[in-house]
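S.K.: Numbering-wise, this note's numbering puts 299 at position 230 of the sequence shown, and it's gapless, one number per residue.
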Amino acid sequence: MAERRLTLFEKFSYGMGDFAFSLPWNMVGAFLLFYYTDVALLPAAAVGTLFLLARLFDAVVDIGVGIWVDRTRSRWGRTRPFFLYAGLPFAALMVLTFWVPAGLSVDARLVWAFITFNLLGLLFSLGSVPLAALLPMMTARTDERLQLSSWRAGATALSVILATAFAMPLVQALGAGNPRMGFAALAGVFAVISLMFSLNLFRTCREVHYDPTPATGAILPAVGRMLRNRAWLVTFAVASLNFVRFGAVLSNTPFFALEVLHAPWAISVLLPSVSGTLLLGAVIAPPILKLTGIRRGWLGSIAVALALYALLPGLEGQPALFVAVFVGSSLAISVTTTSIFMMAADCVDYHEWRFGVRGEGLLSSGISLATKVGMALGTAGVAYTLGMAGYHSGEMSQGVHQAIRWSYYIWPAVVLIAQAAAILFWPMDGDHARIRSDIAARTAAQGA
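1) Just how far apart, CA to CA, sit Ser82 and Phe88?
2) Any contact of the region 291 to 298 with the region 107 to 115, i.e. 3+ C-beta pairs under 8 Å?
3) Would you please state the rounded distance, in angstroms, between the beta carbons of Ile336 and Met237? I believe it to be under 8 Å.
4) If you draw a straight line from the C-alpha of Pro496 to the C-alpha of Arg140, how long is it?
5) Hey, could you find the ends of the alpha helix (DSSP H) Ser476 is sitting in?
6) At what residues does the alpha helix (DSSP H) containing Val261 begin and finish?
7) Could you check the C-alpha separation between Gly223 and Leu347 for me, to the nearest Å?
8) Using 8 Å as the threshold, is the region 361 to 380 in touch with the region 309 to 324, meaning 3 or more CB pairs across them?
9) Would the beta-carbon of Gly190 fall within 9 Å of that of Phe126?
10) Could you give the first and the last residue of the continuous alpha helix (DSSP H) run that contains Tyr460?
11) Check each candidate in Ser403, Ala414, Cys416 and name the one with the smallest Cα separation from Leu485.
12) Would you check if there are 3 or more beta carbon pairs closer than 8 Å linking the region 178 to 192 to the region 135 to 150?
13) Around the Cβ of Pro170, are there at least 16 other Cβ atoms within 10 angstroms (buried) or fewer (exposed)?
14) If you follow the alpha helix (DSSP H) that Ser89 is part of, which residue opens it and which one closes it?
15) Within 10 angstroms of the Cβ of Ile479, are there 16 or more other Cβ atoms? Answer buried if so, exposed if not.
16) For Met70, count neighbouring C-beta atoms within 10 Å of its own C-beta (all shown protein chains included) and say buried if the count is 16 or more, exposed if not.
17) For the 8 Å Cβ check, are there 3 or more pairs between the region 407 to 420 and the region 381 to 397?
18) Closer than 6 Å by C-beta to Ala209: which residues in its own chain qualify, once you throw out the five before and the five after it? Chain order, please.
19) Would DSSP call Asn311 helix, strand or coil?
20) In this structure, how does DSSP classify Met70 when only helix, strand and coil are distinguished?
21) Given a threshold of 16 other Cβ atoms within 10 Å of its Cβ, counted over all protein chains shown, does Pro333 qualify as buried or as exposed?
22) Give the straight-line distance between the Cα atoms of Leu61 and Ala99, rounded to the nearest whole angstrom.
23) Going straight from the alpha carbon of Leu493 to that of Met295, what length do you get?
24) Should Arg518 and Pro199 be called a contact, given that it needs their Cβ atoms to be closer than 9 Å?
25) Between Val116 and the ligand PLP, is the CB less than 8 Å from at least one heavy atom?
26) From Thr76 to Arg275, what distance separates their C-alpha atoms?
27) Can you grab the Cα-Cα spacing for the pair Thr211 / Asp415, in whole Å?
28) Could you check where the alpha helix (DSSP H) with His420 kicks off and where it finishes?
29) If you draw a straight line from the alpha carbon of Leu231 to that of Leu255, how long is it in whole angstroms?
30) Report the three-state DSSP secondary structure of Ala202 (helix, strand or coil).
31) May I ask you to report which of helix, strand or coil DSSP gives Ser174?
32) One question on the structure: do Val329 and Tyr477 come within less than 9 Å of each other, judged by their Cβ atoms?
33) Between the alpha carbons of Val373 and Trp367, how many angstroms are there, rounded?
34) Out of Lys359, Leu192, Phe120, state which residue places its alpha-carbon closest to the alpha-carbon of Leu153.
35) Give the secondary structure of Phe325 by DSSP, where H, G and I count as helix, E and B as strand, and everything else as coil.
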């Protein structure tokens, strides 16, 4: 019997499941550094350390959640219970993260920030790891996996637009000019939206392809097999680097727009361009990557993005042209970003082909870990740059000005070059059919 095709609403619900978790998380990526330094008045260097320590904690948490998913058996399946039970606490922690009490000492405010940010990251893992694991369970069709990946990338783009283009105007409106109240109120609005789509994901999306037998055995050998999965290693590398760039650009853009371009309006234009172009990328990436394959598609897109990025420093005095070139580079990058979720699903097939087990949860934990560690490294890099340059809220020296300016260009260029090197090792271009045929033959032989 032919496999049932996914409905449009199932694809939409899967994509908006990403929206449920990425909307608050993108607000964190875009504005938490600015909120900590300029609203909660925390030292920039201390905030950089906070981000790094939190993500070291996540390195353990994400792997643990992935193993938990693989060993979960319930009447709702392996992934859906997480969407049901993590949604409400994640929404609550979002509000607490953007509500650092003003009356506390600096040390106490740092402790508050550390605890709430770590708990928010933990709850993000409890949603994002199962979400990534769900994709290969929903369908085995390559075209539908690419469609789900595109829907997810489009939802990510939509979350970035809402979390960036409208964030500062909404902070002003909701707080009546008080940024402390405005950030807390906006976090509350985003928390409600997040909970709504998380519950819809639980209600709508079903698991079709998975190993129904309980996962057993020692954990370390399973982790060892994951680290020998070449497809997973490449996906983890390019995803981590993607979010290093993403985190650095998002966190640095408010400072860049205010202190280099001297154009506060540019915050609401440049930030959505970083990922808002994923809406177009979700449309153009599937036919491009179907024609070129992953390796050639990535290399061509990165070459275009680097060429455009090299023009930006000379265009700072021409805002309209600067924005146009920036959007063009972001669109080229979106072709690569769109394919990351599909690559993560392909890692499961490659793993089963190599080792005879699927391990969707454990493998998918790498994508969540890449997201958070990458964004944390990018944000921490910007925070340390500001701290070493002597940045203080309301004060601007020439050294700080140059640090903001060049970090806005150098971080993305270095990351794109590193991604181009990593994608050369992608092992599955042209081999999907053979790998799945081998898996089917092995399964048939075991059944016989």
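Cβ coordinates follow ideal geometry from the N, Cα and C atoms, glycine included.
M.R.: So, to answer that:
1) 9 Å
2) no
3) 6 Å
4) 28 Å
5) 467 to 492
6) 248 to 273
7) 6 Å
8) no
9) yes
10) Run containing Tyr460: none; DSSP gives neither H nor E here.
11) Ser403
12) no
13) exposed
14) Going by the sequence as given, residue 89 is Ala instead of Ser. It spans 77 to 107 - the alpha helix (DSSP H) in which Ala89 sits, taken as one unbroken run.
15) exposed
16) With a pLDDT of only 46 at Met70, under the threshold of 50, the placement of this residue in the model should not be trusted, and no figure is reported.
17) no
18) His278
19) helix
20) For Met70, the predicted structure reports a pLDDT of 46, less than 50, and the residue's modelled location is therefore unreliable. A value from the coordinates is still provided. In the structure shown, Met70 sits in coil (DSSP, three-state: anything other than H, G, I, E or B).
21) exposed
22) Only positions 70 to 517 of the chain appear in the structure, and residue 61 is not among them; the question remains open.
23) 19 Å
24) Here the chain has residues from 70 to 517 only, and residue 518 is not among them.
25) In the structure on display, the ligand PLP does not appear, and there are no ligands present to speak of.
26) 11 Å
27) 9 Å
28) 388 to 424
29) 11 Å
30) helix
31) coil
32) yes
33) 10 Å
34) Leu192
35) helix
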